[in-house]
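Throughout the sequence shown, residue numbering follows this note's numbering, covering 14 to 506 in sequence. Where is the CB? At the ideal position from N, CA and C, for every residue including glycine. Note that the coordinates shown come from a computational prediction; the quantities given were computed from them, not determined experimentally. Since the structure comes first, as structure tokens, the remarks are kept for the end.
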Amino acid sequence: MEKKNRFSNLLEQLMTKADLKNYTLAQELQYDVSYISKWVSGRMLPAEKSSEKVLHVISKCVVEALNEEGRENLFYDYKVDNLEDLQEAIYDNLEAEYVYVKNLKKSTGTEIAPDILFYSELPLLQFITKMKHPVLRRVKALEIVAAMDLLSLEHEYRLMIAGIENEHLSVRREYPTVHFSVMVNLDIGERDCLYDSIFLMNMMTNSSNVDFRLYGGNQAYGKIIFTVKDGFAISGMLFDNNHCMGVISSEDINTSNALCEKLKSLCTGEQLLFRKVSMRTMLVKYDYIQNVLSTNLRWLIGHMTEYFLPEDLFEELLSQENEKEWRVDFQMIRKTHDLTKHILEDSTIRIMIYESALTNFAVSGELDFYNHKVILTTEQRMKYMHHLLELIDKNPKLEMKLIHGGFVSGFQFIQPPSLFMSDMVSYLRLDTDEYQGNIRILNGASITHLFNDFYEEIWTNQKEVVIEDKETIINNIHHFMRSILLISKTEEK
């Protein structure tokens, strides 16, 4: 049987699952039925000038023609739960395949990719475009393994690969069946501790909707290798800031799988840079306590958490939670909070808080309470802020600074994560919508060294965006408290 292009294969699959007839689709499009037959058979593609309209109509017709079983199957395939999102996902899939086939025709003269394509040289932008293969829409079961010297790339290319575009993180659905492992080089070449750390944190935040793991290894030096199991692979060597040489891409399953398995064998637990854990694990395994009991405490607060809760407000919030749902002994949490409170009152600690964290807290009342999102009333917010002022006033060994701007371009409008550094256990809380699954423990000397340098660079050298004067900090906190009072008066009306 003659092979068909990827677009025609997908179109036939969707129409079959929906039991959508050529004639029905032709009527909706007001086309002759012969056009539909040629699209399905692979003898023709929709015209480029009308492709957007055609693909939207196809998506709509497929969704409307589905019976209950077909609907549930496509909900599963695309990981959506309503018809509007399903129609959008089908359109996105059709468009990706259509663009891929059109571009393949222009670059190779054929609509069906050979098993292996070789390019002696490619601009990096073209290489990245080829990485975004339509097989990535196969979200019901996807395994991606890559080795990329990301930190040697210019900033714009890093952001394109990580999906951080227009200075905002991409907003996407949860895809628990998508597994994405990336190895990067941390040890060879010069590092920009400020930009590299911020980039890695935001890359993890942007990929938190999938099973994402980041590894460190010299094997990634000077190259980009990107593989999708049972689907696609592309590899090349970086030879300047803008080009790859010796590029090989393949849709041959045996080739892509062999490369994928080889990369997987390099991604070991020892190479893992960040270990994803739950808050429950942090508490039960005592990582939380080890962090606050350790020496050299340094915190960078991107969103407000339970750390600064006064005792009465802590008990008030805890009493509203369900112990069975948390699956943690609340007595343990009480002891943990009590210990943290004493550390903040008596120990040496350096804390930097983003002004944006205080702004968001004052306006919304949103608090990360041991990885559970809670909304504080204006009265509770005032208690929280009063306690923060008391900590600054009573503990002379507590050094606090406020960050009132961004350090690097590309991330100014992205809510920063929180970083809790110590000599024993250091971890991140990424800024995800519900905070669930957002904890990453720094795993290994190389990544800990990078983040140590990152913190010291901000604390010591970023004076243009960091407020150090204690009186100015206190005045700023009073400003946020006045804002809370204004909000309170508005809510009373």
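With 16 other Cβ atoms within 10 Å as the buried cut-off, status of leucine 498: By the C-beta density criterion, leucine 498 is exposed, having fewer than 16 other C-beta atoms within 10 angstroms.
- prompt: Among residues of its own chain, excluding the 5 on either side of lysine 502, which ones have a beta-carbon nearer than 7 Å to its beta-carbon?
  reply: Non-local C-beta neighbours of lysine 502 in its own chain, meaning closer than 7 Å and more than five positions away in sequence, are absent.
- prompt: Taking all protein chains shown into account, do 16 or more other C-beta atoms lie within 10 angstroms of the C-beta of glutamate 264, making it buried, or fewer, making it exposed?
  reply: Buried, by the Cβ-count rule.
message: On the CB-based measure, 16 or more other CB atoms within 10 Å of its CB, does aspartate 209 come out buried or exposed?
response: The residue is buried, with at least 16 neighbouring Cβ atoms inside 10 Å.
message: With three or more C-beta pairs closer than 8 Å as the rule, is the segment 93–101 touching the segment 46–57?
response: Under the three-pair Cβ rule at 8 Å, the segment 46–57 does not count as touching the segment 93–101.
field: First and last residue of the uninterrupted alpha helix (DSSP H) at aspartate 209
entry: Per DSSP, aspartate 209 belongs to the alpha helix (DSSP H) from 206–219.
- request: Please work out which residues of its chain come closer than 8 Å, Cβ to Cβ, to methionine 345, disregarding the five sequence neighbours upstream and downstream, and give them in chain order.
  value: Close CB contacts of methionine 345 within its chain, under the 8 Å cut and outside five residues either way in sequence, are with Leu296, Val297 (chain order).
- prompt: In the segment 46–87, which residue ranges form an unbroken alpha helix (DSSP H) of at least 4 residues, counting only runs that do not cross its ends?
  reply: Whole alpha helix (DSSP H) segments, 4+ residues: 46–54, 64–78.
task: For my contact list, lysine 414 and methionine 365 are in at a C-beta cut-off of 8 Å; report their separation, rounded to the angstrom.
output: Rounded to whole angstroms, the Cβ separation of lysine 414 and methionine 365 is 5 Å, and the two are in contact under 8 Å.
task: Any chance you could list the alpha helix (DSSP H) runs of at least 4 consecutive residues sitting entirely within the segment 263–317, in chain order?
output: Fully enclosed alpha helix (DSSP H) runs of 4 or longer: 266–279, 292–297, 300–306.
- prompt: What's the gap between the Cα of isoleucine 211 and the Cα of asparagine 373?
  reply: Cα to Cα, isoleucine 211 sits roughly 20 Å from asparagine 373.
- request: Decide if valine 158 is buried, meaning its Cβ has at least 16 other Cβ atoms within 10 Å, or exposed.
  value: With 16 or more other Cβ atoms within 10 Å, it is buried.
field: Pair within 7 Å by beta-carbon distance, isoleucine 266 and glycine 249
entry: Their beta carbons are not under 7 Å apart, which means isoleucine 266 does not touch glycine 249 by this criterion.
Span of the beta strand (DSSP E), counted from its first residue to its last, around glutamate 156: 155–161 is the extent of the beta strand (DSSP E) around glutamate 156.
- prompt: DSSP state of glutamate 392, grouped into three classes?
  reply: Three-state DSSP puts glutamate 392 in a helix.
message: Can you look up glutamate 484 in the DSSP assignment and give me helix, strand or coil?
response: Glutamate 484: helix per DSSP, three-state reduction.
- prompt: Among the residues of its own chain, which have a CB less than 7 Å from the CB of arginine 171, if the five just before and after it don't count?
  reply: Counting only Cβ-Cβ distances below 7 Å, and skipping sequence neighbours, we find Leu163, Phe212.
query: Alpha carbon to alpha carbon, what distance is there between serine 435 and phenylalanine 382?
result: Looking at the two C-alpha atoms, the distance is approximately 21 Å.
query: By a C-beta neighbour count over all protein chains shown, 10 Å radius and 16 as the cutoff for buried, is phenylalanine 304 buried or exposed?
result: In the sequence as displayed, the identity of residue 304 is asparagine instead of phenylalanine. Answer is buried; the Cβ neighbour count reaches 16.
query: What do you get for arginine 394, buried or exposed, if any count of 16 or more other CB atoms within 10 angstroms of its CB means buried?
result: Buried, because 16 or more other Cβ atoms sit within 10 Å of the Cβ of arginine 394.
- prompt: What are the start and end residues of the beta strand (DSSP E) that includes glutamate 134?
  reply: Boundaries of the beta strand (DSSP E) around glutamate 134: 129–136.
query: Looking at C-alpha atoms only, which residue of Ser431, Met494, Ile416, Gln428 is the closest neighbour of glutamine 475?
result: Distances from the alpha-carbon of glutamine 475 to those of Ser431, Met494, Ile416, Gln428 put Ile416 closest.
- request: Report yes or no: do the segment 304–317 and the segment 351–370 share at least 3 C-beta pairs separated by less than 8 Å?
  value: Touching, per the Cβ criterion.
- request: Could you pull out every residue in the same chain whose Cβ sits closer than 7 Å to the Cβ of lysine 73, ignoring the five residues on either side in sequence?
  value: Cβ within range, chain order: Gln100.
field: N-terminal and C-terminal residue of the alpha helix (DSSP H) that serine 459 is part of
entry: Following the DSSP letters along the chain, one finds serine 459 inside the alpha helix (DSSP H) bounded by residues 458–474.
- prompt: Considering only C-alpha positions, which residue in the set Leu326, Leu137, Asp90, Arg347 is nearest to leucine 389?
  reply: Its Cα nearest to that of leucine 389, the residue Leu326 stands out among Leu326, Leu137, Asp90, Arg347.
- request: Using a Cβ cut-off of 7 Å (strictly closer), state whether glutamate 403 contacts chain D.
  value: Absence of chain D from the displayed structure is noted, only one protein chain being present.
query: Relative to the ligand COA, is the shortest distance from any of its heavy atoms to the C-beta of glycine 230 smaller than 6 Å?
result: In the structure shown, the ligand COA is absent, as is every other ligand, since no ligand is present at all.
query: How many angstroms separate the CA atom of glutamate 504 from the CA atom of valine 195?
result: Across the structure, glutamate 504 and valine 195 are spaced so that their CA atoms are roughly 48 Å apart.
- prompt: Excluding five sequence neighbours on each side, which residues of the same chain lie with their C-beta closer than 6 Å to the C-beta of phenylalanine 20?
  reply: A distance below 6 Å between beta-carbons, with the five flanking residues on each side excluded, links phenylalanine 20 to the following residues of its chain, in chain order: Glu110, Tyr111, Val114.
message: By alpha-carbon positions, which one of Ala31, His400, Thr37, Asn35 ends up nearest to leucine 79?
response: In terms of Cα proximity to leucine 79, the closest of Ala31, His400, Thr37, Asn35 is Ala31.
- prompt: Which value, in whole angstroms, describes the spacing of the CA atoms of tyrosine 299 and isoleucine 201?
  reply: C-alpha separation (whole angstroms): 34 Å.
- prompt: Helix or strand or just coil, what does DSSP make of isoleucine 201?
  reply: Note: isoleucine 201 maps to coil in three-state DSSP.
message: Tell me the rounded alpha-carbon separation between leucine 117 and threonine 240.
response: The alpha-carbon separation between leucine 117 and threonine 240 amounts to approximately 19 Å.
field: Range covered by the alpha helix (DSSP H) that runs through methionine 250
entry: Taken as a continuous stretch (DSSP letters only), methionine 250 belongs to no alpha helix (DSSP H), being part of the beta strand (DSSP E) at 245–251.
message: For alanine 458 and arginine 204, what's the separation of their Cα atoms in angstroms?
response: Answer to the nearest angstrom: the Cα atoms are 15 Å apart.
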